[in-house]
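Novice:
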Amino acid sequence: MPENLLEVRNLTITPAGAEVPVLDDVSLSLAPGERVGLIGESGSGKSLTALSVMGLLPEELHAQGTVSLQGHGGNLLEANEKTLAGLRSDIVSMVFQEPMSALNPLMRIGDQIAEVLRIHGRVPRAQIPGRVRELLAEVHMPDPDSARFAYPHQMSGGQRQRVMLAIALANSPRLLICDEPTTALDVTVQRRMLDLIAERVAAVEAGLLFITHDLAVVAGVCDRVIVMYRGRIVETGTVTEIFTAPRHEYTRGLLASSDLEATDDRGRLFTLKTALDYAGPRVPTRDSSTDANRATDANRAADGQGGAASATGSAPLIEVSDVTRVFKGRGLFGRRRSDVTALGSIDFSVAAGERLGIVGESGSGKSTLLNILSGLDRPTTGHVRVGDIRVEAASSTALRALRENLQIVFQDPFASLDPRMRVADIIAEPLVAAGVDKDERSARVEEMIAAVDLDAQSLRRYPHQFSGGQRQRISIARALVTRPQILVADEPVSALDVSVRAQVLNLLADLLEDYALTLLFVSHDLGVVKHLCSQVIVMKDGQIVESGATEDIYANPQEGYTRRLIAATPSLADALAATG
Amino acid sequence: MLTYAANRAIQFALSLIVASVVVFALMSLLPGNAAQVALGTNATPEAVAALEVQYGLDRPPVVRYFDWVVGMLGGDFGTSYVTGAAITPVIIDSVQVTAILVISAIALSILIAVPLGTFAALEQRSWIGVTISAASQVGIAVPNFLAAIILVIVFSLTLGWFPSQGWMAPIEGVGGFLLRLVLPVVSLALVQAAILTRYVRSAVLDVMREDFIRTARAKGLTRTKALFVHGLRNAAIPVITVAGVQLATLLVGAVIIEQIFVLPGIGSELVRAVANRDLIAVQGIVMVLVLLVLIINLIVDILVPVVDPRIRNAA
Amino acid sequence: MSEMPTGANSPRDDVALDVSAATASAPEPATGRRRSRLRLNSSMIIGACLVVLILGLALVSFVWTPYGPSEIDPVARLRAGSPAHPFGTDRFGRDTLTWVMYGARITLMVGVVAVGIALLIGTPIGIVSAIFAKQPWGMWIDAVIMRANDILLAFPALLLAIIFAAVYSPGTGPAMVAVGIAAIPGFARVARSGTLQVLGSEYVRAARASNRRIPAIAVVHVLPNIAGMVIVQASVAFAISVLAEAGLSFLGLGTQAPVPSWGRMLQESQQFLSTHPELALWPGLFIALAVLGFNLLGDGLRDRFDPKMDARGA
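Protein chains in written order, with our numbering: chain A, 9 to 588; chain B, 28 to 342; chain C, 10 to 323.
Quick look at the structure:
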């Protein structure tokens with residue numbers, strides 16, 4: 009047997025009582041010290057593969073095949089819990105996706121790190137506190153001395169993920185498995201976390217199995233890539249091979265649809281179906297700024313009249329001046345807590361037909377701003393004008409008029425549709441509120457469902473019968489059914505798989521044109537904003553850091569934060585350039 | 028944490044005041060008056076009026092309410108209209124009996140339910156886990172007075188191990204006291220243990236699905252060890268709340284068991300007072316019971332953040 | 010190509026992959042967010058059977074019973090089961106089966122009225138409270154309602170019923186009302202937490218952004234989405250009220266003679282425990298079956314509607 013660190017042979021996993029396996033004949037191997045990326049979209053089986061290596065598969069799943077680890081003779085799938093427990097963290101460790109729930113909420117951080125040292129007994133008891141401090145310092149935890157005594161809920165997501173990494177590497181395992189370790193984190197935090205993982209894995213000379221849906225992330229971290237699709241491995245190769253010459257069409261499709269810089273000859277993003285024409289990521293040359301310009305030029309061409317309309321000298325459609333929003337802290341019995349400033353003197357305007365991207369990480373005030381614009385919340389001070397309505401002082405009639413003219417597409421396609429309403433009723437709801445009569449309602453609902461490329465039969469179904477992408481189409485149909493002038497999209501594609509994301513973005517671009525919409529597009533993802541928007545504002549901690557034309561900001565960011573944000577955004581081309 | 032406890036204490040006091048007004052209003056304001064009720068419908072108006080004057084019932088309700096509350100604060104629950112005896116000593120004696128009964132029962136049910144529920148959750152899919160689960164479901168359906176009757180039939184009337192009724196204070200003889208305590212406590216505890224077992228099982232199952240249990244296993248703990256080190260304390264949080272609610276229900280629910288076993292508990296006194304149409308005694312006893320329930324809730328509210336740092340910090 | 014979905018019929022090429030999740034599923038009734046039809050589980054089936062059994066006994070008793078409830082067979086007192094009296098007779102020679110059948114009526118009536126009171130008062134209180142909780146100016150109203158709810162919680166059903174029996178005369182009516190009032194906080198809590206969850210959801214945000222007013226949202230979005238939890242609560246409350254009625258009648262504070270009731274049968278059996286334990290077992294058995302039935306039904310429904318147990322609900 010070749011001395012591979014990890015050897016998985018013919019792994020097939022079937023849920024109890026089901027006939028169709030969720031993981032079908034998966035074989036892979038990992039050499040000592042090798043860094044392998046496992047790529048796939050939701051439901052591809054990548055996490056299950058990892059869990060079976062850890063011996064952590066849920067009980068109701070039956071695994072067949074062999075999993076062997078260097079340092080342990082025999083098949084891990086047949087090992088008992090006690091044997092597996094001895095291997096975990098000693099030979100193979102794992103960092104999970106969700107940092108918020110992965111730590112015991114009732115136990116101090118230091119104790120949770122100390123525990124993993126105690127279990128395996130490699131460090132003498134007396135030295136454990138010192139080693140804990142050392143481990144925290146190694147993952148660059150600020151102030152490791154006091155961090156030991158914190159509870160998980162007192163830390164940010166990024167800090168908790170650092171703690172998880174410290175725990176995972178405490179016993180210097182030979183293999184580290186990371187399952188989407190940065191998906192729940194902000195972009196700038198993600199960058200630092202990725203660097204940290206790479207640094208620590210190198211320091212302890214461990215192998216790395218890195219699971220992600222994000223191609224750009226994997227390119228920066230791994231040597232070799234395994235692509236999974238619906239429970240099977242479809243392709244394996246080095247990063248360069250996979251990214252420049254993908255053999256399997258799913259890989260090509262995935263690559264094409266995650267590349268937001270590339271468009272087909274109609275100016276639309278590549279999808280799984282159009283991926284054949286995709287030429288691969290453009291590796292940035294020295295004159296990368298002109299390159300970026302070219303890409304956005306293509307967008308502008310596709311946008312058509314969008315940009316042109318905004319150039320006229322007429323008054324802007326939306327005007328936000330000096331808006332602040334302060335949330336009053338409220339204690340029991342009305343005692344005052346410290347106030348929270350969600351927005352601090354925000355100023356911007358949007359011309360009719362313009363596409364404005366609002367970029368920021370969590371806590372930047374994006375959502376509060378949206379709520380104020382749509383009249384769901386009122387500013388503490390300042391003025392907001394949408395069309396001829398003064399939002400901050402609007403009567404309820406005026407607010408109703410505003411909302412008919414300004415519609416929102418929400419982030420989570422699973423939460424934004426009432427599970428107990430039929431699609432027809434969901435789309436018709438804004439019309440019911442507007443008092444449109446029944447016949448016209450059904451006519452317009454049918455028109456909209458066709459406009460978002462779903463067939464008319466969908467109208468009689470319930471949301472749970474649709475996939476995420478389809479739900480987002482329904483959401484878009486609901487937003488456009490009142491024929492608003494302004495469409496507000498709140499992270500509409502961040503919960504979607506990459507291949508579906510491209511489809512929804514293309515649809516959105518088409519509809520913007522067809523219905524001559526003004527777009528406010530909120531996102532944490534610079535790539536998406538860059539593709540869709542002509543103007544952008546960058547927000548941080550409730551302030552606008554920078555604003556202007558998208559291409560200018562990207563090509564020549566003035567503020568440190570914007571630069572950090574752009575640098576931190578994983579991009580295929582950059583990652584490839586770095587490896588090549 | 029201190030402000031949280033203070034907050035809870037203030038809420039407790041407010042609840043107590045409102046509850047006392049409610050009890051007073053229900054008893055003293057609604058139909059007729061206490062004197063009429065005490066003497067029965069056949070009493071002459073003169074007799075009723077005389078009794079009213081004797082006990083000050085002719086005074087305005089507000090005065091009577093404050094009189095009652097001030098009396099209670101000084102430990103005086105008033106005098107029975109029917110027997111003319113002071114109510115306070117009766118309450119003090121009977122509360123002790125009920126407290127012994129209820130606290131032993133809840134302690135016993137926790138001793139049964141926590142290991143049983145945990146085991147049922149760990150062995151969720153084995154026959155023994157399923158059996159525990161099904162048995163607890165049946166146990167919940169058995170009212171405690173039915174359990175008491177069955178226990179009496181088996182262990183007292185048939186086997187003759189325990190007396191079927193009666194009470195002996197511990198000072199009169201510890202052996203006799205314990206012997207008479209067994210059947211009432213067990214009949215209360217069995218049903219409560221069944222309910223609690225289900226909650227423990229479901230809390231443990233919930234915890235076992237948590238990510239941090241997976242983390243603990245990834246650290247090198249076995250499933251069972253991960254549960255004991257990390258899970259049980261987390262599972263304790265909902266269980267404490269449920270046990271508190273149960274203790275409160277038991278306090279009043281014990282009334283039937285006290286009747287069956289002829290125990291001089293507060294429930295027996297309450298039923299006697301109701302049968303005697305002794306409204307002032309009913310009013311006092313109800314207030315004591317409500318006070319105890321509120322105290323239990325207060326203890327639970329303070330106990331939960333002791334276990335859970337998240338609530339401690341939020342408060 | 011084999012593992013790639015084709016979906017050539019789609020109007021636009023890029024929808025293809027997206028459709029696969031919803032193929033072949035015919036329109037089906039609303040079943041909640043989890044993809045399930047009316048999934049029957051064993052709890053629900055057994056529970057429903059027991060409930061139907063009790064309901065059947067009560068309904069048949071209106072048309073037919075072996076004997077009249079007060080019909081006395083002087084030669085057959087305290088008999089064990091026989092073909093003439095399958096469940097035996099009591100100390101007056103009354104037929105136990107007849108009494109069990111009549112007892113089912115009272116049990117169900119108390120349950121229906123008590124749960125009805127609690128559901129019709131508690132649920133709206135919970136919904137309104139949650140709606141106020143979401144308004145910056147209405148939070149104190151919610152706080153007051155929930156404090157009142159907590160205070161009511163300090164009066165368990167049995168205590169409230171005893172108070173009512175003391176103030177009014179003991180009887181089925183006051184017992185039903187007392188049990189119903191005591192169950193209000195449970196419904197209010199469930200309705201409030203469910204409503205808060207719905208009101209915090211993105212689909213309500215979407216409805217608000219579409220100009221739906223609060224009352225319309227309460228009817229269109231809140232009610233259908235909390236109905237499941239409320240039904241579960243009703244089932245559990247029904248079981249509790251069966252227990253409470255039996256307990257009260259046992260104490261002599263519930264249903265009064267000569268109306269047959271399981272609790273009083275049990276109480277009357279006490280003096281014959283050493284000689285005729287079966288007199289206690291029949292009513293005891295049926296009380297247990299009724300409670301078990303409603304509990305199991307509630308459990309089964311909860312599995313369908315709400316995967317989490319509500320700590321204070323039971």
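By construction, the Cβ of each residue, glycine as well, lies at the ideal position given by its N, Cα and C atoms.
Just the Cα atoms here: how many angstroms apart are M108 (chain A) and D533 (chain A)?
Specialist: Locating residue 108 (chain A) in the first sequence gives position 100, counting from the first residue. Locating residue 533 (chain A) in the first sequence gives position 525, counting from the first residue. Cα-Cα distance, rounded: 21 angstroms.
Novice: Taking just the CA atoms, how far does I354 (chain A) sit from A33 (chain B)?
Specialist: As a first step, residue 33 (chain B) must be located in the second sequence, where it is residue number 6. As a first step, residue 354 (chain A) must be located in the first sequence, where it is residue number 346. Between A33 (chain B) and I354 (chain A), the C-alpha separation is close to 41 angstroms.
Novice: For chain C, is any of its Cβ atoms less than 9 angstroms away from the one on R299 (chain B)?
Specialist: The sequence position of residue 299 (chain B) within the second sequence is 272, counting from 1. Taking Cβ atoms only, chain C never reaches closer than 9 angstroms to R299 (chain B), which makes this a no.
Novice: Tell me the rounded alpha-carbon separation between P38 (chain C) and S229 (chain B).
Specialist: For the purposes of this step, residue 38 (chain C) is taken as residue 29 along the third sequence, with counting starting at 1. For the purposes of this step, residue 229 (chain B) is taken as residue 202 along the second sequence, with counting starting at 1. Any reading at P38 (chain C) must be qualified, since the residue scores a pLDDT of 30, below 50, and its modelled position is unreliable; no value is offered.
Novice: If we ignore side chains and look at the alpha-carbon of each, how far apart do G535 (chain A) and E269 (chain A) end up?
Specialist: To locate residue 535 (chain A), count along the first sequence from 1; it is residue 527. To locate residue 269 (chain A), count along the first sequence from 1; it is residue 261. Roughly 8 angstroms between the two C-alpha positions.
Novice: Give me the chain A residues within the contact set of P233 (chain C), using Cβ-Cβ distance strictly less than 7 angstroms, ordered along the chain.
Specialist: Here residue 233 (chain C) is taken as the residue at index 224 of the third sequence, counted from 1. What P233 (chain C) touches in chain A: R428.
Novice: Tell me, please, which residues DSSP counts as bridged to Q72 (chain A).
Specialist: Against the first sequence, residue 72 (chain A) aligns to sequence position 64. A:T20, per the DSSP bridge assignment.
Novice: Are the C-beta of R156 (chain C) and some C-beta of chain B separated by less than 9 angstroms?
Specialist: Start at 1 with the first residue of the third sequence, and residue 156 (chain C) comes out as number 147. Taking Cβ atoms only, chain B reaches closer than 9 angstroms to R156 (chain C), which makes this a yes.
Novice: Here's a check: name, in chain order, each residue in its chain whose Cβ is nearer than 7 angstroms to the Cβ of G293 (chain C), leaving out the five neighbours to either side.
Specialist: One-based indexing of the third sequence puts residue 293 (chain C) at position 284. Closer than 7 angstroms at the Cβ level, and outside the excluded window around G293 (chain C), lie L275.
Novice: Determine whether the Cβ of F98 (chain A) lies closer than 9 angstroms to any Cβ atom of chain B.
Specialist: Position 90 of the first sequence, counting from 1, holds the residue named residue 98 (chain A). In the sequence as presented, Phe is not what sits at residue 98 (chain A); that position holds Asp. So, interface residue.
Novice: Closest by CA to V317 (chain B), which one among C:L106, C:T98, C:I160?
Specialist: As a first step, residue 317 (chain B) must be located in the second sequence, where it is residue number 290. Closest by alpha carbon: C:I160.
Novice: With the cut-off set at 9 angstroms, would you say L520 (chain A) and V512 (chain A) are in Cβ contact?
Specialist: Your numbering for residue 520 (chain A) matches position 512 in the first sequence. Your numbering for residue 512 (chain A) matches position 504 in the first sequence. No; because the gap between Cβ atoms is not below 9 angstroms, this pair is not in contact.
Novice: Using a beta-carbon distance below 9 angstroms, is Y470 (chain A) in contact with chain B?
Specialist: As a first step, residue 470 (chain A) is located in the first sequence; it is residue number 462 there, counting from the start. For Y470 (chain A), the answer is no, since every Cβ of chain B falls outside 9 angstroms of its Cβ.
Novice: Candidates C:L298, C:R313, C:H285, C:L257: which alpha carbon is nearest G237 (chain C)'s?
Specialist: Here residue 237 (chain C) refers to the residue found at position 228 of the third sequence. That would be C:R313, whose Cα lies nearest to the Cα of G237 (chain C).
Novice: Taking Cβ positions only, does A285 (chain C) come closer than 9 angstroms to chain A?
Specialist: As a working note, residue 285 (chain C) is residue 276 in the third sequence. In the sequence as presented, Ala is not what sits at residue 285 (chain C); that position holds His. Not closer than 9 angstroms to any Cβ of chain A, the Cβ of H285 (chain C) fails to qualify, so no.
Novice: Can you name, in chain order, every residue of its own chain whose Cβ lies under 6 angstroms from the Cβ of Y92 (chain B), other than the five neighbours on each side?
Specialist: If you number the second sequence from 1, residue 92 (chain B) lands on position 65. Cβ within range, chain order: F51.
Novice: Run through DSSP, which three-state label would L65 (chain A) get?
Specialist: By one-based count along the first sequence, residue 65 (chain A) stands at place 57. Three-state result, L65 (chain A): coil.
Novice: Taking the CB atoms as reference points, tell me whether L462 (chain A) and R452 (chain A) lie closer together than 9 angstroms.
Specialist: As a first step, residue 462 (chain A) is located in the first sequence; it is residue number 454 there, counting from the start. As a first step, residue 452 (chain A) is located in the first sequence; it is residue number 444 there, counting from the start. Their beta carbons are not under 9 angstroms apart, which means L462 (chain A) does not touch R452 (chain A) by this criterion.
Novice: Using the Cβ count rule (16 or more neighbours within 10 Å means buried), how would you classify W194 (chain B)?
Specialist: For the purposes of this step, residue 194 (chain B) is identified with residue 167 of the second sequence, where counting begins at 1. Counting Cβ neighbours within 10 Å, W194 (chain B) comes out buried, since at least 16 surround it.
Novice: Measuring alpha carbon to alpha carbon, tell me which of B:L208, B:P265, B:A308, B:Q164 ends up nearest D233 (chain B).
Specialist: Within the second sequence, the letter at position 206 stands for residue 233 (chain B). Comparing Cα positions, the closest option is B:P265.
Novice: Would you please verify whether the beta carbon of R302 (chain A) is less than 9 angstroms from any beta carbon of chain C?
Specialist: By one-based count along the first sequence, residue 302 (chain A) stands at place 294. With a pLDDT of only 43 at R302 (chain A), under the threshold of 50, the placement of this residue in the model should not be trusted; the figure read from the coordinates follows. By this cut-off, R302 (chain A) is not an interface position.
Novice: Does F529 (chain A) get closer than 9 angstroms to chain C when you measure Cβ to Cβ?
Specialist: Taking the first sequence and counting its residues from 1, one reaches residue 529 (chain A) at position 521. No, F529 (chain A) does not count as interfacial toward chain C.
Novice: Taking Cβ positions only, does S278 (chain C) come closer than 9 angstroms to chain B?
Specialist: The count along the third sequence starts at 1 and reaches residue 278 (chain C) at position 269. Taking Cβ atoms only, chain B reaches closer than 9 angstroms to S278 (chain C), which makes this a yes.
Novice: Under a Cβ-count criterion, where at least 16 other Cβ atoms within 10 Å of its own Cβ denotes burial, should D308 (chain C) be classed as buried or exposed?
Specialist: Here residue 308 (chain C) corresponds to residue number 299 of the third sequence, with the count starting at 1. Buried is the call here.
Novice: What number of angstroms, rounded off, separates the C-alpha of I55 (chain C) from the C-alpha of V241 (chain C)?
Specialist: Within the third sequence, residue 55 (chain C) is the residue found at index 46, counting from 1. Within the third sequence, residue 241 (chain C) is the residue found at index 232, counting from 1. Using only the alpha carbons, I get a separation of about 16 angstroms.
Novice: Excluding the 5 residues preceding and the 5 following A35 (chain C) in the sequence, name in chain order all residues of the same chain whose CB lies nearer than 8 angstroms to its CB.
Specialist: Sequence index remark: in the third sequence, residue 35 (chain C) carries index 26 (1-based). Because the pLDDT at A35 (chain C) is just 29, under 50, the model does not fix this residue reliably, and the value given afterwards should be weighed accordingly. Answer for A35 (chain C): no residue qualifies.
Novice: Note down, in chain order, every chain E residue with its Cβ under 7 angstroms from the Cβ of D347 (chain A).
Specialist: The structure shown contains no chain E; its protein chains are A, B and C.
Novice: What does the alpha-carbon distance come out to for the pair V176 (chain B) and E287 (chain C)?
Specialist: Along the second sequence, one-based indexing puts residue 176 (chain B) at 149. Along the third sequence, one-based indexing puts residue 287 (chain C) at 278. First, the amino acid is wrong: residue 176 (chain B) is Ile here, not Val. Whole-angstrom Cα-Cα distance: 11 angstroms.
Novice: Below 8 angstroms on the Cβ atoms is my guess for V394 (chain A) versus L381 (chain A); work out the distance and round it to an integer in Å.
Specialist: As a working mapping, residue 394 (chain A) is identified with position 386 in the first sequence. As a working mapping, residue 381 (chain A) is identified with position 373 in the first sequence. With 8 angstroms as the limit, V394 (chain A) and L381 (chain A) qualify as a contact, their Cβ atoms being about 7 angstroms apart.
Novice: For A39 (chain C), which of helix, strand or coil comes out of DSSP?
Specialist: Looking up residue 39 (chain C) in the third sequence gives position 30. Note that A39 (chain C) has pLDDT 32, beneath the 50 cutoff, so the model's placement of it is unreliable and the number below is only indicative. DSSP places A39 (chain C) in coil when its eight states are reduced to three.
Novice: Chain C partners of F418 (chain A), CB-CB under 9 angstroms?
Specialist: Counting from 1 along the first sequence, the entry for residue 418 (chain A) is found at position 410. Within chain C, the residues near F418 (chain A) are E211, Y212, R214, A215, A218.
Novice: Measure the Cβ-Cβ separation of S52 (chain C) and L306 (chain C) and say whether it is below 9 angstroms.
Specialist: As a position in the third sequence, residue 52 (chain C) is number 43, starting the count at 1. As a position in the third sequence, residue 306 (chain C) is number 297, starting the count at 1. Taking 9 angstroms as the Cβ cut-off, S52 (chain C) and L306 (chain C) qualify as a contacting pair.
Novice: With C-beta atoms as the reference, is P471 (chain A) less than 9 angstroms away from I457 (chain A)?
Specialist: Working through the first sequence from its first residue, we reach residue 471 (chain A) at position 463. Working through the first sequence from its first residue, we reach residue 457 (chain A) at position 449. Cβ distance not < 9 angstroms, so P471 (chain A) and I457 (chain A) don't count as in contact.
Novice: Quick one: what's got a C-beta closer than 7 angstroms to S70 (chain C)'s C-beta in the same chain, skipping five residues either side?
Specialist: Reading the third sequence from its first residue, position 61 is the one you call residue 70 (chain C). Taken in chain order, the residues that qualify are M110, Y111, A113, R114.
Novice: Taking all protein chains shown into account, decide if P247 (chain C) is buried (16 or more other Cβ within 10 angstroms of its Cβ) or exposed.
Specialist: Position 238 of the third sequence, counted from the start, is the residue given in the question as residue 247 (chain C). Here residue 247 (chain C) turns out to be Phe, not Pro, going by the sequence shown. It counts as buried.
Novice: Over what stretch of residues does the alpha helix (DSSP H) that includes Q478 (chain A) continue unbroken?
Specialist: Translated into the one-based positions of the first sequence, residue 478 (chain A) becomes position 470. Its alpha helix (DSSP H) spans residues 476-488.
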